[in-house]
Amino acid sequence: MTGGARADLAEKIAGEVALSGEPGATLRKWRTDFDIAQTELADHLDVSPSVISDYESGRRDNPGIGVLRRLVSGLLDIDEARGGEHIRQHARVISAGFDSDVVHDLREYTANVGVESVYEATDAVELARGSTDTVSGHTVINSIEAIRRLSSDEFYQLYGQSTNRALVFTGVTRGESPLVALRVVSPTPNAVVLHGINEDDVWEHAADLARIDDFSLAVTDTDLDDLLAGLRTIP
Numbered sequence: 002m003t004g005g006a007r008a009d010l011a012e013k014i015a016g017e018v019a020l021s022g023e024p025g026a027t028l029r030k031w032r033t034d035f036d037i038a039q040t041e042l043a044d045h046l047d048v049s050p051s052v053i054s055d056y057e058s059g060r061r062d063n064p065g066i067g068v069l070r071r072l073v074s075g076l077l078d079i080d081e082a083r084g085g086e087h088i089r090q091h092a093r094v095i096s097a098g099f100d101s102d103v104v105h106d107l108r109e110y111t112a113n114v115g116v117e118s119v120y121e122a123t124d125a126v127e128l129a130r131g132s133t134d135t136v137s138g139h140t141v142i143n144s145i146e147a148i149r150r151l152s153s154d155e156f157y158q159l160y161g162q163s164t165n166r167a168l169v170f171t172g173v174t175r176g177e178s179p180l181v182a183l184r185v186v187s188p189t190p191n192a193v194v195l196h197g198i199n200e201d202d203v204w205e206h207a208a209d210l211a212r213i214d215d216f217s218l219a220v221t222d223t224d225l226d227d228l229l230a231g232l233r234t235i236p
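Using my numbering, the first residue of the sequence shown is number 2, and each one after it goes up by one.
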């Protein structure tokens with residue numbers, strides 16, 4: 002595990018929490034992105050789980066720099082002990098350097114939001130619901146360029162810092178190609194939005210594949226500029 006990747010991610014997490022209007026929610030977002038239970042983090046830090054809960058709920062004052070450093074180090078320590086998946090993924094995003102004609106937008110949110118927030122922002126209609134109905138970021142992808150130019154490893158890098166996100170595919174005609182492409186990528190994102198079509202035009206097997214791979218699926222035919230503007234309203 003490279004110290005640089007860990008240090009970069011630690012700085013990013015701490016910065017997001019410190020600058021957030023809801024630092025507790027941002028802490029909770031990162032902990033859940035790392036798939037770490039409150040009790041596991043509390044055990045690692047040798048504190049009561051109620052301490053973690055109080056910070057995340059806002060019942061305690063915003064954590065000072067010393068407490069924040071311990072919380073972030075605890076998340077990264079646990080991730081490293083598990084093999085460092087999230088630290089490596091962050092490093093991949095930093096080094097990916099995707100062209101703007103492939104990725105229109107890639108952003109992490111300050112807290113987990115329901116998929117309904119993404120649907121509202123993009124004027125999307127849901128076709129299938131996965132078992133996890135929250136996301137903590139989005140990636141907007143040119144579907145044709147992504148499928149034509151990216152390897153499976155590069156495709157996975159589009160997830161940003163977590164698979165707990167929505168992938169929005171633009172330039173879709175039926176949705177068959179992106180959904181088939183997702184079948185070879187593991188794990189899948191929590192939600193997929195197909196842009197450029199309405200529910201009558203979508204590939205007949207699209208919803209079934211989403212249910213099999215357990216992600217939420219929606220479609221929207223809103224203008225691309227309006228879609229990107231809508232996504233920017235998500236905090």
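The beta-carbon is built from N, C-alpha and C at its ideal position, and this holds for glycine as well.
Assigned with DSSP and collapsed to three states, Ala122 falls in helix. Sequence-distant Cβ neighbours of Pro50 in its own chain, meaning closer than 6 Å and more than five residues away, are Gln39, Thr40 and Ala43. In the three-state reduction of the DSSP assignment, Ala15 falls in the helix class, which pools H, G and I.
Unbroken alpha helix (DSSP H) stretches of 4 residues or longer found wholly inside the segment 15–76: 24–34, 39–46 and 50–58, given in chain order. Separation of the CB atoms of Ile88 and Asp78 is rounded to 11 Å, and the pair is thereby denied contact status at 8 Å. In this structure, Gly138 sits away from Asp215, with a CB-CB distance that is not shorter than 8 Å. Spanning the alpha carbons of Gly22 and Leu229 requires a straight line of approximately 23 Å. Its chain contains Ser153 as the residues whose beta carbon lies nearer than 8 Å to that of Val185, once the 5 sequence neighbours on both sides are disregarded; these appear in chain order.
Shown here, Ser217 sits in a strand according to DSSP, grouped into three states. C-alpha of Ala192 to C-alpha of Leu218: approximately 6 Å in a straight line. Between Leu10 and His91, the CB-CB gap stays under 8 Å. Rounded to whole angstroms, the gap between the alpha carbons of Gly16 and Thr123 is 28 Å. Per DSSP, reduced to three states, the secondary structure at Asp106 is strand. In this structure, the alpha-carbon of Glu155 lies about 31 Å from that of Leu72. Here Gly4 is exposed: its Cβ has fewer than 16 other Cβ atoms, across all protein chains shown, within 10 Å. Using a C-beta cut-off of 8 Å, the segment 166–184 makes contact with the segment 196–205, since at least three inter-stretch Cβ pairs fall below that distance.
Across the set Ala211, Arg32, Glu121 and Val18, the C-alpha of Arg32 shows the shortest separation from the C-alpha of Ser163.
Rounded to whole angstroms, the gap between the alpha carbons of Pro64 and Tyr56 is 7 Å.
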